[in-house]
Structures are given as C-alpha cells and as structure tokens.
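Quick notes on the structure that follows.
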Amino acid sequence: MTDLIDHLSLGFSVAFTMQNLLYALLGCLLGTLIGVLPGLGPVTTIAMLLPATYALPPIAALIMLAGIYYGAQYGGSTTAILVNLPGEASSVVTALDGYAMAKKGRAGPALAAAGIGSFFAGSVGTLVLAAFAVPLTEVAFMFGPAEYFSLMVLGLIGAVVLASGSLLKAIAMIILGLLFGMVGTDVNSGVARFSFDIPELTDGLGFIVIAMGVFGYGEIIQNLAKPEEERALNTKKVSGLMPTKEDFKAMMPAILRGTALGSALGILPGGGALLSSFAAYTLEKKTKLKPGEVPFGQGNIRGVAAPEAANNAGSQTSFIPLLTLGIPPNAVMALMVGAMTIHNIQPGPQVMTSNPELFWGLIASMWIGNLMLVILNLPLVGLWIKLLSVPYRWMFPAIVLFCAVGVYSTNNNTFDIWTTGMFGVVGYLFVKFGCEPAPLLLGLILGPMMEENLRRAMLLSRGDWGVFVTRPLSASLLAVAALLLLIVLSPSIKKKREEAFVED
Amino acid sequence: MAIKSQKDLLAGLMFGATGLAFALGAREYDMGTSGRMGPGYFPLLLGVILAVLGILITLQAFGSKPQPDGEIGHFAWRPLTFIIGANLMFGVLLGGLPSIGIPAMGLIVAIIGLTFISMLAGKDFCIKRATMLSAILAVGSYFVFVKMLGLTFQVWPWFIGA
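Note that the protein sequences, when read in sequence, are chains A and B. Position 414 (the first sequence) corresponds to 1733 in the numbering used here; numbering is contiguous. Position 98 (the second sequence) corresponds to 121 in the numbering used here; numbering is contiguous.
Below is the structure:
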C-alpha cells in the first residue's frame, strides 16, 4: 500500500510539470478534435497524430499519446451519440441508446453521462493498473519464451473472438498480419525476407504505413462511397447539459457495474474495450426496469453510462499486459508499442525498474488525461457539434493530407507514401470483402515477437514441440485460448454473438 | 452450386493466393530444423496456414441460401482513384522522382496538388472551393507542421531554394 502511494506520488511529480500537463491537454484536445470526425476511430486518430510527437522527449510524447487515445475515444462516443456514427466497434453500443436520447433532445444528459461514466471508470482503472502493475511484473519474470509464445497465441485468439463477422476471416487477417510482419531483415540470419531487393523494404513494412493505408484511406474511400444522407447529421441544438436527479440515480449503479466489469475484462489479452462495452450493455439489459423507466434502445441513460464506463475502464486496464509483459492486447496498444520503439523504449517488465519516472509518470498522466477530458469536453460540447456540421466534402481532403504528412514524416521518405497508397487499395478491398482490419495490425506487431519466441523456445527444447504443453504456465495459457475458441464456436454462443453484432 | 456470399468467395481467394505466394517465397530461404529454425521456417508455416484458411473460406462461400449481406456491391472507383491518386501526387510533388528526372516541388505545391485531386473524389467538385481549401490547408500546415512541430520538409520548389 505504501509502495502504491510512493509510486503514484513519483508519477504525479513527473506528470505535474507545466510542460507535461500542457502536452496532456494538447493530446486530449487533438484526440477529441480528430476522434469526433465521423468514421475516424482511435486507431486512425493515433496513427495520424503519432508524427506530431516525434520531436518531443519520450515521457512527454507518451503522455501526449495517452491523451490523444482518451480524447479519440471520447470523441468517438460524442459522434456515436450525436450522429449515430460510431467511429469504432466499442462505441457501437453507446450509439444504441445515446442516439435515441439525442433524438429526444436529451443529447446533453447523454454526453454528460458518457463523460462522467468515463471519468469515474478511468480513475478506478488507473488505480487497478497501478496496484497490479508491480505483482504482474514479477509474474512476467517467470515467463520463458514458450510462455510468451503461448500468451501471444491467447492474445490473438482473444482478438479474433471479438472481431465482428466471420471467425475464419478474422483468423486469416491475423495470419496475414503476422506474414506482413515477416517482411524485412531476419534478425537471426540477416537474410532480407520478402523484400524484392528494395532497400526500403529490408527495414520491414512500417505499421504507420499499413495503419494509414488500411484505416485512413480505406475508411475515407468507404465513407465517400456512401450516399450523402447516411452521413446526415443530427445537429439540433443541445440544450440542458446536466442530467436530472433521476438520471443520476439511475446511472450511478450502472456506472459502478460497468467499471467493475470493464476493469476485469480489460486485463485479458485481446479483451479490452470492445468486449467490456458489449458485456456491460448486456448486463444492464438483464436488470429489471424500474416503473416509468425508458426501455433500452429507446434512450435509457443506463444504456449510455454503463458501456461507456466499461469501455474506459477496460481501455485503462488493457495497458497492463502492454506495460508488464510488453505484449499489446489490441490494435491501439500495438500502435503504442510502435510509438515507444520510436523513442527507444522497449515495452515490457524492465521499463518499470529501468525507467520508473516514465512508467509511473505515464500512469499518473492517464488519470490527469481522464480529468482533462471531463473539464474540457463538457463545456466544449457545443464546439464539437459545430465541427460535426462542417460538411464531409470540406473535411476529407484535410484528413487525406494529415495521413500523407504523417506517413512521410515518419522516415522522411517518399517510398512510404507509395506503399501507403498500395495499402489504401488493399484496405478498400478488405472493406469490400467483409474483412475487419484491426486483427491485421495486431498480427503485424506481434509477428516478429512471436517468431523470436518460437525460435528460442524450440531451441531450448531441442526441437520438441511438446514444450508448449509440458510447461504448466504455457499449457494453461494455451488451454484458455482453446477454451475461448470452443466457447465462440459453440452453437448457442455463436447465435448470441451474431445477434450482438447485428445491432450495429 | 450457387454462390452464397460473393464477399467470402473473393476474400477466400485473396487469402488463398496470398498464403500460397508467401509459402512459395519462404521456400527461397533456409528452412533449418524445428530445433534451429532458419529464416524460412515460420513464414512457410504461416503461409501454408493462410492458404488452408483461404480454401476453407472459399468453400464456405458456396451454398443454396444467398446471404443478404454477401453481395459485394459496386466498387467506388471514383473515390478510390482520386484518394489514392492524391496521395501519390503528394509524394511526387513533395519529393520528386529523381529516377525519371522529376524535380521536387516542396510541401506547399504538394498540398495544393493533394487538395485538388482529392476533392475530385467527391461528387460536386468546384474550383473555387478547392482553391480556398488548399490555401487554408497550405498555410495551416506550414505553421503547424513546419513552424510548431519542427518536422523537416522541403517547403518550396527546387528553383526557389531551401
């Protein structure tokens, strides 16, 4: 307990410098600004804004990125509530009741519920993160290559389970991502693989290139292909921001339930925000309606508060596997790994001991980021609505420009621009063929890590594949992965899962 | 047999072909043994798995009941062409193509080029609007990216000088 307080005070002493507070604020502001644009989820937003942090010192850069992440997520909920356009899968649920509330002229309370729920959940999530980080790091030191490999398998399976649509296609997207991760120089033998004698390819395919191409351009093209009406905005005046007393009474228990659920599910590799928000909404739907309460789907405030709280708690605790094991549990965290590597930080258990200021400073600034979101966004709601009323035809050239500038400035190389163009086409094909792209990005980041650990594990076992099931920790990780797959494949769950995704 | 889902059919073929290509490519590299894996081992494994998954997805696409959302729909050629085109034009104008002797025009010209071409992707192109937006974006980007963030760009065309 005293350790926890020591750590947190160290963290706050780092985060509470004028400079870092400013970067946190700037991050939240930029994140919300981009995230509020329809069709741009956190992954795209972070990828677009990543280059803006290159010139900063590592701590400031990570703090700003964390701010961007929260901002983007909050921005996504705002769009989901106001215009029924969820920027990412996890705010699909928010849109159900949030948009219904907005249509009834109660957008203000809906936005406030989302904000308050997120803040509360974020605070709890940060505490959970701080409390569990140290013990989990000790677990991490018990991990050998076989355990790491099995954990990554579990993480990838977890990500697949949550992808909407066909399970087979999601697995194929992961494998494709792993294969893209193979491009470039093999660290063990120095052989340049799949590089076609192009010098730029020997460094591998950059994740920014793929993220921008597939998520950025892919989405813009898809948005432009939709008829104008589908992007129609609901920018009626938002009057009366504060929820009523009854609203508060209804939403507080929902927020508590959502927070608990989100914190627990977020720790699971591959779990995180999406599973949390779906689970929280389902849980709320199961509870009895009070007399006179609005049914779910028609604008019940609990249907906004609970998933938003769960979503935020989950995204907070999903930092745990990244910071303690160095394994990104989802596409957003995969981008964070990329950002850390650019600043010469190898994520993993050693960060906490070798760089405690960075580690605890980052955790403290997560809480600050959450606080800023509430302070910033509730008064600024009017501004975001104005931004949403800017027609898309004015907006998309700017988005294309940000993507192109971001890609170029990563390496100051035009070669990256050509590859991004190619992946833009590929990304549009994914959309057309009904393949969700998020698992691809996760595979891309995990590819080299998986290969490295597989090789090491097999070297130690002298080529015996049994090592993955004879070591108890590795065996149990694989067992959980198998169980997850079985659960998803079981007919009753399969039906439920399809229903859950039909709602969007 | 009828096609149940065009999406699955094409996705399956795409995965199958890509997996096969990676697997064949991986055979160029040393396999090694399972105890001492060469650079070709893991990619070959993944390539084979992807190819098998591709076949499974392709087979799934056939069936008597057509799926309601299985239709591929028409391609949005216009946005596809102009968005990707704007991106490529940005690269060409910004950095030039030394191999075929196209000189670099720098950031400002590249932004104007990108804005005009990308706006062609929308349905109602209008010169006045494109001019206005490209001016706003050029000035804004100059201040934000070059002055504030200190990213290194060649700002002006080669004949004006750095």
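We treat Cβ as the ideally placed atom computed from N, Cα and C, and that holds for glycine.
Unbroken alpha helix (DSSP H) run spanning residue i, endpoints
i: glutamine 1838 of chain A; result: This structure leaves residue 1838 of chain A out entirely; chain A is present only between 1320 and 1823.
i: histidine 1326 of chain A; result: 1321-1334
i: proline 1716 of chain A; result: 1711-1730
i: asparagine 1772 of chain A; result: 1757-1779
i: leucine 1796 of chain A; result: 1791-1808
i: glutamate 1457 of chain A; result: 1426-1460
i: alanine 144 of chain B; result: Segment: none, alanine 144 of chain B is in no alpha helix (DSSP H) and carries neither H nor E.
i: proline 1562 of chain A; result: Careful: proline 1562 of chain A lies outside any alpha helix (DSSP H) and carries neither H nor E.
i: methionine 1741 of chain A; result: 1733-1751
i: asparagine 110 of chain B; result: 100-118
i: lysine 30 of chain B; result: 29-49
i: leucine 174 of chain B; result: Taken as a continuous stretch (DSSP letters only), leucine 174 of chain B belongs to no alpha helix (DSSP H), as it is neither H nor E.
i: lysine 1488 of chain A; result: 1486-1501
i: valine 167 of chain B; result: Valine 167 of chain B -> no alpha helix (DSSP H), and no H or E assigned at all.
i: valine 71 of chain B; result: 64-83
Straight-line Cα distance separating residue j from residue i
i: glycine 1657 of chain A; j: phenylalanine 1526 of chain A; result: 7 Å
i: glycine 1782 of chain A; j: arginine 1775 of chain A; result: 10 Å
i: alanine 1334 of chain A; j: leucine 1356 of chain A; result: 29 Å
i: glycine 55 of chain B; j: isoleucine 1664 of chain A; result: 32 Å
i: asparagine 1306 of chain A; j: proline 1376 of chain A; result: There is simply no residue 1306 of chain A to check, as chain A begins at 1320 and stops at 1823 in what is shown.
i: glycine 1509 of chain A; j: glycine 70 of chain B; result: 21 Å
i: isoleucine 1687 of chain A; j: asparagine 1696 of chain A; result: 14 Å
i: alanine 1371 of chain A; j: asparagine 1542 of chain A; result: 25 Å
i: leucine 67 of chain B; j: glycine 1645 of chain A; result: 26 Å
i: threonine 1660 of chain A; j: aspartate 1522 of chain A; result: 14 Å
i: valine 1528 of chain A; j: threonine 1739 of chain A; result: 5 Å
i: glycine 114 of chain B; j: leucine 160 of chain B; result: 16 Å
i: leucine 1760 of chain A; j: aspartate 147 of chain B; result: 34 Å
i: glutamate 1549 of chain A; j: methionine 1714 of chain A; result: The predicted position of glutamate 1549 of chain A is uncertain, since its pLDDT is 49 and thus under 50; a value taken from the coordinates is nonetheless stated next. The alpha-carbon atoms of glutamate 1549 of chain A and methionine 1714 of chain A are separated by roughly 16 Å.
i: isoleucine 125 of chain B; j: isoleucine 1387 of chain A; result: 38 Å
i: valine 1480 of chain A; j: valine 1807 of chain A; result: 7 Å
i: tyrosine 1467 of chain A; j: methionine 1461 of chain A; result: 10 Å
i: proline 1647 of chain A; j: phenylalanine 182 of chain B; result: 47 Å
i: valine 1443 of chain A; j: valine 1651 of chain A; result: 20 Å
i: leucine 1720 of chain A; j: glycine 1611 of chain A; result: 50 Å
i: valine 167 of chain B; j: valine 1724 of chain A; result: 11 Å
i: proline 1716 of chain A; j: valine 1458 of chain A; result: 48 Å
i: alanine 1426 of chain A; j: alanine 44 of chain B; result: 51 Å
Option in the options with minimal Cα separation from residue i
i: leucine 1702 of chain A; options: A/Leu1352, A/Leu1344, A/Leu1341, A/Met1337; result: A/Leu1352
i: alanine 1629 of chain A; options: A/Phe1638, A/Ala1583, A/Thr1456; result: A/Ala1583
i: threonine 1636 of chain A; options: A/Ser1595, A/Arg1512, A/Gly1434, A/Phe1749; result: A/Ser1595
i: arginine 1576 of chain A; options: A/Val1362, A/Ile1694, A/Ala1440; result: A/Ala1440
i: arginine 1278 of chain A; options: B/Ala25, B/Gly39, B/Ala153; result: Residue 1278 of chain A lies beyond the stretch modelled for chain A, which goes from 1320 to 1823, so this question has no answer here.
i: phenylalanine 139 of chain B; options: B/Ile123, B/Leu156, B/Ala127, B/Met128; result: B/Leu156
i: phenylalanine 1787 of chain A; options: A/His1326, A/Ala1432, A/Met1471; result: A/Met1471
i: leucine 1805 of chain A; options: A/Leu1473, A/Thr1733, A/Leu1778, A/Leu1706; result: A/Leu1473
i: isoleucine 1540 of chain A; options: B/Ala34, B/Gly136, B/Trp100, B/Ile150; result: B/Trp100
i: alanine 127 of chain B; options: B/Ile107, B/Val162, B/Leu116, B/Val169; result: B/Leu116
i: serine 57 of chain B; options: A/Gly1746, A/Trp1784, A/Gly1616; result: A/Trp1784
i: threonine 81 of chain B; options: B/Leu47, B/Met37, B/Leu111, B/Asn110; result: B/Met37
i: isoleucine 1280 of chain A; options: A/Ala1452, A/Ile1494, A/Met1691; result: Look at the range of chain A in this structure, 1320 to 1823, and you will see that residue 1280 of chain A is not part of it.
Any C-beta of chain B under 8 Å from that of residue i
i: methionine 1501 of chain A; result: yes
i: arginine 1712 of chain A; result: yes
i: glycine 1611 of chain A; result: no
i: glutamate 1538 of chain A; result: no
i: serine 1795 of chain A; result: no
i: aspartate 1522 of chain A; result: no
i: leucine 1719 of chain A; result: Note on residue identity: the sequence assigns valine, not leucine, to residue 1719 of chain A. For valine 1719 of chain A, the answer is yes, since a Cβ of chain B falls inside 8 Å of its Cβ.
i: alanine 1551 of chain A; result: With a pLDDT of 49 at alanine 1551 of chain A, under the threshold of 50, the modelled position of that residue is not reliable, and no figure is offered here.
i: leucine 1706 of chain A; result: no
Residue i at chain A interface by Cβ criterion, 8 Å
i: threonine 56 of chain B; result: yes
i: methionine 142 of chain B; result: yes
i: tyrosine 52 of chain B; result: yes
i: isoleucine 183 of chain B; result: no
i: proline 91 of chain B; result: no
i: glycine 48 of chain B; result: yes
i: phenylalanine 168 of chain B; result: yes
i: lysine 30 of chain B; result: yes
i: glycine 124 of chain B; result: no
i: leucine 33 of chain B; result: yes
Contiguous alpha helix (DSSP H) assignments of at least 4 residues, all confined to the region 1349-1422 of chain A: Complete alpha helix (DSSP H) runs here, min 4: 1361-1368, 1377-1402, 1411-1422.
Enumerated in chain order, which unbroken segments of the alpha helix (DSSP H) with a length of 4 residues or greater are wholly contained in the region 1512-1544 of chain A? 1526-1529, 1537-1544
Report the start-end ranges of each beta strand (DSSP E) in the region 1593-1660 of chain A that is 3 residues or longer and not cut off at the edges. none
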